[in-house]
Amino acid sequence: MPRPARAKIAELREIDAICDRFEAECRTGRAPRIEDFVAGAIGEKRDQLLAALVRLDFELAEARGAAPPVRQYLKRFPNDWRVVQRVLGADAPDADGQNGAVAGPDDAQNASSLKGAPSMSKPSPRVALEITDGPHRGGRFEFDRHETLVAGRASVAQLQLKSDPHFSRHHFRLEVNPPLCYLLDLGSRNGTFVNKRRVTECFLKNGDVVSGGKTKIRFVVEGDSHLTADESASAPRADAPASQPAPAAPSPAQQPVAPPPVVPGYELIAELGRGAMGVVYKALQKATGRECAVKVMTPAQVSTEKSLQVFLREASILSQLNHPAIVRFVELGSAGTAAYFAMEYVPTVDFSDVLGKQSLMHRVRIVCAIACEVLDALEYAHGRELVHRDIKPANVLLSKQGTKLKVKLADFGLAKSYINAGFSEITRDGDICGSLAFMAPEQLINSRQARPACDLYSLGATMYRYLSGSNLFDFTKSRCKFLTVLEDAPAPLLKTCPDLPEPLCEIVHQALAKKPEDRFASAAEMRGAIEKFSRRLRAR
0 MPRPARAKIA ELREIDAICD RFEAECRTGR APRIEDFVAG AIGEKRDQLL AALVRLDFEL
60 AEARGAAPPV RQYLKRFPND WRVVQRVLGA DAPDADGQNG AVAGPDDAQN ASSLKGAPSM
120 SKPSPRVALE ITDGPHRGGR FEFDRHETLV AGRASVAQLQ LKSDPHFSRH HFRLEVNPPL
180 CYLLDLGSRN GTFVNKRRVT ECFLKNGDVV SGGKTKIRFV VEGDSHLTAD ESASAPRADA
240 PASQPAPAAP SPAQQPVAPP PVVPGYELIA ELGRGAMGVV YKALQKATGR ECAVKVMTPA
300 QVSTEKSLQV FLREASILSQ LNHPAIVRFV ELGSAGTAAY FAMEYVPTVD FSDVLGKQSL
360 MHRVRIVCAI ACEVLDALEY AHGRELVHRD IKPANVLLSK QGTKLKVKLA DFGLAKSYIN
420 AGFSEITRDG DICGSLAFMA PEQLINSRQA RPACDLYSLG ATMYRYLSGS NLFDFTKSRC
480 KFLTVLEDAP APLLKTCPDL PEPLCEIVHQ ALAKKPEDRF ASAAEMRGAI EKFSRRLRAR
């Protein structure tokens, strides 16, 4: 790995360790002082540590329902207002040390101006949603990183518009990755309009007005709003004629195949697969001679320094995972303008080849044994407050050692890392291949709020696929795919496979409950319910 990258990861590991100590003190009921934890740090390292601690302190307080006003952080750190602003989206302090008004649901004032301080040379892009008309007029929501939210009357909607009876329960979905914002109508009864034109899906641009019922919402881009040429060309615009929708960007399978890049320290042997976030190669690590899998990622958008820091910090966490059922992380590095990471290579076999022509009960035992291995890995990771977020058959790697079947969970936590780091492409309703069929409803509503229950749902969907040979939902119908996941119940597993043990079907459907609290309380509890149907694959 290049020396600068090594130094950056070492520094971020140190910051992460300090954050862990700060969080541990918080969880014991103490009130640790951020000032004590940044004492002794200087320069850029102090700024990074302060930013991490302020964000962590705010999120922990928010989780307790006691988030302090942002102005309190500005008063505590008057000389570091730029750091606080970058992290929490606050106004700059006035000349007397007081900060300007912080935007909130009852604030109709634009809070993006900086008072009494010089502007930053190149601020990270931010976007805002301002409710300008209707029963909820005056509300304002700001975003400085990748997030998803749903607008509607449902209690789970972040943009809850329960006082507007013309809105559907799940009316439209927004995926924000500043400066981009993608709107998807969720089959609403009265339609979603952008600049008075009815749309089903589109990218929003600065100044666009989204309306539905009596509510109007203005979309505002702040900071550096530069778009790459590829994004501008492929983005369907809100003002495009309804009869001529802009063409979607080509899928990864349609992209021209480029020659393998040069990755320092590795000889790339063969391509193993490709997706929206990069290409995976079988490779030989030159220094050791061992086989590895190397994923090379080209950002889908221009990545900021802040994004790189988040990506490296998450990668450093992944490097500490050590479990027999999790693919081992090897190293992170850069190759030209792209990033790459190397991991353990697993010579996989297809699930259908594992089953062969065995009986239904053999299938049940194998599926449940695989699930128990995955749940072992999840129990280990959830205990370290890490959530996978992308459990699906493609990430459950099966291999054989003689007559023994081995299970490895791949890409652990990396979906979260890529999204935060700006490697995520905006997810559209047409992009159904991959994760959507296995994604928990609450993860579609709010990607930041993914909890361990999301992984249990995804494993339930994976077991459903293994047992029945089909996905939970038929996405070929005209109904909006996101709304299908949010509202439709999957076909009963006993109806699809009437010879399966009824208690096992009940376990799978409990994992697939729409509400997280109706699922299993933990990976260990779910494994305990499944174990009696399984044949463990190897001794611990």
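Numbering that gives the first Met the number 0 applies: residue 0 is where the sequence shown begins, and numbers increase by one.
We put the CB at the ideal spot given by N, CA and C, even for glycine.
Could you spell out the range, first to last residue, of the alpha helix (DSSP H) harbouring residue i?
i	result
Ile-444	440-444
Gly-527	522-529
Gly-459	451-467
Glu-486	480-486
Thr-147	First-last for Thr-147: 146-151, but that is the beta strand (DSSP E), not the alpha helix (DSSP H).
Arg-188	Note, Arg-188: premise wrong, no alpha helix (DSSP H); not H, not E.
Glu-200	No alpha helix (DSSP H) holds Glu-200; the beta strand (DSSP E) holding it covers 200-202.
Ala-376	359-381
Would you say residue i and residue j are within 9 Å of each other, going by their C-beta atoms?
i	j	result
Asp-132	Lys-215	yes
Arg-526	Cys-371	yes
Ile-390	Thr-461	yes
Met-342	Val-363	no
Leu-408	Ala-324	yes
Leu-179	Thr-191	no
Leu-443	Thr-147	yes
Ala-292	Tyr-344	yes
Val-295	Gly-277	yes
Val-155	Glu-516	no
Leu-435	Val-507	no
Ala-334	Val-262	yes
Asp-79	Asp-46	yes
Expressed to the nearest angstrom, what Euclidean distance is found between the alpha-carbon atoms of residue i and residue j?
i	j	result
Lys-44	Pro-177	25 Å
Val-219	Arg-172	17 Å
Phe-140	Ile-130	9 Å
Ala-40	Pro-68	26 Å
Glu-486	His-169	9 Å
Leu-317	Lys-281	20 Å
Ala-393	Asp-410	10 Å
Gly-206	Arg-217	6 Å
Pro-489	Arg-81	49 Å
Val-37	Leu-331	27 Å
Pro-260	Leu-158	43 Å
Ala-60	Ala-66	5 Å
Cys-201	Val-193	9 Å
Lys-513	Ala-452	10 Å
Gly-264	Leu-185	47 Å
Arg-75	Ala-337	39 Å
Pro-77	Leu-48	16 Å
Thr-495	His-322	35 Å
Pro-346	Val-279	13 Å
Arg-26	Arg-63	11 Å
Arg-197	Gly-137	24 Å
Asp-541	Gly-28	Residue 541 lies beyond the stretch modelled for the chain, which goes from 0 to 539, so this question has no answer here.
Ser-533	Ile-369	8 Å
Ile-17	Pro-31	12 Å
Since residue i is in the beta strand (DSSP E), which residue starts that stretch and which ends it?
i	result
Gln-284	277-284
Gly-28	Where Gly-28 is concerned, there is no enclosing beta strand (DSSP E), given that its DSSP letter is neither H nor E.
Asp-184	179-184
Arg-139	139-142
Give every residue of the same chain whose Cβ lies closer than 6 Å to the Cβ of residue i, excluding the five residues on either side of it in the sequence, and list them in chain order.
i	result
Tyr-465	Val-366
Phe-328	Leu-317, Ser-318 and Met-342
Ser-167	Gly-151, Ser-187 and Arg-188
Between residue i and the rest of its own chain, which residues show a CB-CB distance below 7 Å, the 5 nearest in sequence each way excluded?
i	result
Arg-12	Ser-315
Leu-493	Leu-499, Glu-501 and Cys-504
Tyr-456	Ala-439, Ala-510, Leu-511 and Arg-518
Gln-357	none
Ala-523	Glu-378
Phe-142	Arg-125, Val-126, Val-175 and Pro-177
Asp-56	Ile-33
Met-0	Only weak support is given to the placement of Met-0: the predicted model assigns it a pLDDT of 43, under 50, and the value that follows is read from those uncertain coordinates. Result list for Met-0: Glu-330, Leu-331 and Gly-332, in chain order.
Near residue i, what residues of its chain come up, given a Cβ to Cβ distance below 8 Å and the 5 sequence neighbours on each side ignored?
i	result
Glu-266	Ala-282, Leu-283 and Lys-285
Leu-374	Leu-458, Ala-522, Ala-523, Met-525, Arg-526 and Ile-529
Leu-87	Val-53, Arg-54, Phe-57, Val-69 and Tyr-72
His-361	Leu-354
At a cut-off of 8 Å, would you count residue i as near the ligand NAP, judging by its Cβ distance to the nearest heavy atom?
i	result
Pro-489	Because no ligand of any kind appears in the structure shown, any question about the ligand NAP cannot be addressed here.
The region 470-487 in contact with the region 395-411 per 3-pair CB rule at 8 Å | Put simply, the region 470-487 does not touch the region 395-411. Fewer than three CB pairs are less than 8 Å apart.
Count the C-beta pairs between the region 192-211 and the region 154-172 that are closer than 8 Å, then say yes if the count reaches three, no if not.
-> As far as the Cβ criterion goes, the region 192-211 touches the region 154-172, which means the pair count is three or higher.
Please determine if the region 50-67 and the region 17-28 are in contact, where contact requires at least 3 C-beta pairs separated by less than 8 Å.
-> In short, these stretches touch, since the Cβ pair count reaches three.
Would the region 378-389 and the region 345-364 be scored as touching if the rule is three or more Cβ pairs under 8 Å?
-> Output reads no: the region 345-364 does not touch the region 378-389.
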